[in-house]
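Just add 4 to the spot in the sequence shown (first one is 1) and you have this note's numbering. Glycine included, each C-beta is placed from N, C-alpha and C at the ideal position.
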Amino acid sequence: KVFVELNELIMDKNQEMQWRETARWIKFEEDVEEETDRWGKPHVASLSFRSLLELRKTISHGAVLLDLDQKTLPGIAHQVVEQMIISDQIKAEDRANVLRALLLKHRYSTTTTPTSEKDTLESKSKHELKLLEKIPENAEATVVLVGSVDFLEQPTMAFVRLQEAQELDSVLEVPVPVRFIFVLLGPPSTNMDYHQIGRSISTLMSDKHFHESAYLADDRQDLLNAINGFLDCSIVLPPSEMGGEELLHSVSRFQKEMLRKREEQGALLPGDDPLQRTGRPFGGLIRDVKRRYPKYASDFKDALNAQCAAAVIFIYFAALSPAITFGGLLGEKTEGLIGVSELIVATALQGILFCILGAQPLLVVGFSGPLLVFEEAFYSFCKGNGVEYLTGRVWIGFWLIIIVVMMVALEGSFLVRFVSRFTQEIFSCLISLIFIFETFSKIGKIFVEHPLQRCSFDNSTVRREPNTALLSLVLMSGTFFIAFYLRKFKNSAFFPGKLRRIIGDFGVPIAILVMVLVDYSIRDTYTQKLSVPSGFSVTSPEKRGWVINPLGMDTPFPIWMMFGSMLPALLVFILIFMETQITTLIVSKKERMLVKGSGFHLDLLVIVVLGGTSALFGLPWMAAATVRSVTHANALTVMSKAVAPGDKPRIQEVKEQRVTGLLVAILVGLSIVIGDLLRQIPIAVLFGIFLYMGVMSLNGIQFTERLMLLLMPPKYHPDHTYVRKVKTLRMHLYTLIQLVCLASLWAVMSTVASLAFPFVLILTVPVKMFLLSRIFTTREMQCLDSDDAEPIFDEREVHDEYSEMHMPV
């Protein structure tokens, strides 16, 4: 990362020459406005073509010093002057004058007009702190010195790259180590525009590709090649009367195409691809272990911060809510054979073991809607055929372990490569819709069981009857909207940045607490509370115990079913494989900048073996829950405080550690112990969390964005690749095909054919590969699969108010 500062020679009020800072680049250009003496707004630098050609010409004939071993400005200046003489740019007798010019005093900007020396120091210190927050950590600086002098007959230039970045006293306005120095001095009579050339080299050094080339350059020609590459991606606007949005749209489209080509040409080959096959039995598993376990100790050290503490509280309720809600649903579907108790125990035990053994601890192991659909279908099958449901699950568990071991031995996780964005988005939307549907389904059930009551007026008295359904709706909506808008509160202009971030991070716990207090304060209205078991017992002790006999509990288990269980085991495996691997893909997207890596083979093995073994104890199997895992990763994401003025905030890091998931699993298990406290929480509050997770997980999915475009006139469509390069009707056709696939999955899931749900899900892969490839061109498919419109965050999590960087200088 770089910070660039442009300094120009000026005459001060005492008629003495000095260097004055006139512009700076963190990413975009900021100029000092002479009329008001304030920093202007950040903007994309507009350069004259002539200044770029002049810059290339000066570098081709000037002094280039690469890896100069100097630590002070005088030492650097002496070396620069000697090289200028050697390259015949200046005469030997000009040595002293040029050296004196390079060592002139620098004038820096301050935020206020100081009235005393103390005010000057405080003002400078405050300004430095504000600016340093915007500069990326470990950034190195480029100092550009340009100006005209009377003693030179021709321009002279030097480009310097120091061997090691050095903090040069009184050169920059902030203490950032300097790596590059560009000097351009010349007579005032020349036609050369020193200011524009200074802006040109400054803009080049702030360009990612050019300054990477500058770091790696071996000689002058490498710098010239880098300038040529910059020019190849630049646009020359001929004199024209056209302006406004029409011009901007034309330039934007042209430049995006040029930048895309540069990215393709400069793309690096991927390094350690976790899905690449080794060709050896269990090769992928061994590679996962070797990659991930050496970072095991750091997974505990990296959790020592407040953000992880906030994430634990939030994800605890995010994990407990589905455990209780799905547990209640599962109890209804299986007539109490598996219920809330079993789901809480399974969430805790499998969560703890996965956080200890797994490769990607950002994954949250939990029960999901697709697994609920399978459990209901398999229970109906067993009941209809006189087969013990729990014993059948034990044999499914055995086959699950056999299948996953074979799959991992053959490095079968590479198959996830064929699960394209088309299928990923359908599956993600399906799970999010299950969360949203279950929320309103449960609220609707409350309205049926507790209809709205009338409020009657009898003479002077008002007789009110409790409205359970109305209060439940208020609690659910209140929880959702408080959590939703407290997350948005991070971006408001109220309160200091740190306080906003704390409030935003603890938005969900705050929402839960507020709504619980609202419910507690309303004494005359009944609301259904959490149904948490009061001890370590199964949901239906009269029907089963904690250990399931594989040979049958009440009657011998049929031998044909022991082998026949292989088919439903394959269906369960497909569900776990799809949800776990797709969730890992989503969590591990390159935009998150994860550094510790994932382990597709290891995670799949751990999750399936844990689930298969749990069936012996009548516990449900689990998968990496998509919504909870993405929510977990988002809660642990740190946005960069060093946001260049005018730039969008970027992800600085994700707290990759095992502690939050481990503590969440332990707390879910301890929920049985604190049952009395949890039983004070209305179930409607958890419905609000359900709704919040479902809605938030829909953000950033291209499919949902394209669904919105179906209702939007084309002139209001956003400037995304799939909008610009795919005809509107063709784009809508692609969206409708996805919608039909989603509707088909929902229909299968809701009928007696729900056991076939995993197969129907798998069918979306060949639909994309074979059917869509016949309908759409390769270019259209590439555009519709692009990632340019997929933000991980829908908010701009800005550290401080933008205006703080534009105070008077």
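Residue of the options minimising C-alpha distance to residue i
i           : options               : result
residue 142 : 566, 55 and 169       : 169
residue 417 : 664, 28, 606 and 688  : 606
residue 376 : 43, 435, 449 and 701  : 435
residue 365 : 710, 505, 588 and 95  : 588
residue 51  : 285, 197 and 630      : 197
residue 165 : 159, 67 and 155       : 67
residue 71  : 83, 65 and 583        : 83
residue 316 : 659, 200 and 788      : 659
residue 361 : 351, 47, 300 and 345  : 300
residue 204 : 438, 150, 312 and 781 : 150
residue 553 : 407, 596, 643 and 402 : 402
residue 600 : 31, 306 and 476       : 306
residue 635 : 6, 767, 314 and 310   : 314
residue 292 : 304, 302, 279 and 283 : 279
residue 689 : 517, 32, 767 and 75   : 517
residue 520 : 216, 723, 750 and 483 : 483
residue 5   : 633, 329 and 217      : 217
residue 329 : 359, 780 and 370      : 370
residue 679 : 492, 539 and 500      : 539
residue 211 : 621, 499, 178 and 7   : 7
residue 325 : 308, 304, 449 and 347 : 347
Spatial neighbours of residue i in its chain, beta-carbon cut-off 6 Å, leaving aside the 5 residues before and after
i           : result
residue 429 : 705 and 707
Contact check, residue i vs residue j, beta carbons under 9 Å
i           : j           : result
residue 616 : residue 405 : yes
residue 837 : residue 56  : Since the first residue of the chain shown is 5 and the last is 813, residue 837 is not available in this structure.
residue 12  : residue 28  : no
residue 378 : residue 576 : yes
residue 590 : residue 372 : no
residue 146 : residue 182 : yes
residue 618 : residue 400 : no
residue 380 : residue 758 : yes
residue 109 : residue 167 : no
residue 136 : residue 285 : no
residue 10  : residue 94  : no
residue 474 : residue 456 : yes
residue 345 : residue 331 : yes
residue 191 : residue 154 : yes
residue 427 : residue 611 : no
residue 574 : residue 319 : no
Proximity test, Cβ basis, 9 Å: residue i and chain B
i           : result
residue 282 : In the displayed structure, chain B is absent; only one protein chain is listed.
Cβ neighbour criterion (16 or more within 10 Å) applied to residue i
i           : result
residue 363 : buried
residue 681 : exposed
residue 738 : buried
residue 567 : exposed
residue 420 : buried
residue 525 : exposed
residue 638 : buried
residue 158 : exposed
residue 714 : exposed
residue 222 : exposed
residue 38  : exposed
residue 281 : exposed
residue 563 : exposed
residue 541 : exposed
Close Cβ partners of residue i (< 8 Å) along its chain, the five nearest in sequence each way excluded
i           : result
residue 393 : 338, 341, 382, 383, 386 and 387
residue 107 : 77, 78 and 81
residue 240 : 53
Cβ-based neighbour list, residue i, same chain, cut-off 7 Å, excluding 5 preceding and 5 following
i           : result
residue 691 : 443, 446, 447 and 480
residue 533 : 683, 684, 685, 686 and 687
residue 289 : 412, 605, 606 and 609
residue 398 : 552, 554, 619 and 620
CB-CB length for residue i against residue j, believed under 8 Å
i           : j           : result
residue 139 : residue 180 : 6 Å
residue 672 : residue 352 : 5 Å
residue 160 : residue 88  : 5 Å
residue 63  : residue 163 : 6 Å
residue 189 : residue 105 : 6 Å
residue 3   : residue 775 : The displayed coordinates of the chain run from 5 to 813. Any statement about residue 3 would go beyond what the structure contains.
residue 627 : residue 579 : 7 Å
residue 512 : residue 321 : 6 Å
residue 515 : residue 477 : With a Cβ gap of about 15 Å, residue 515 and residue 477 do not count as contacting.
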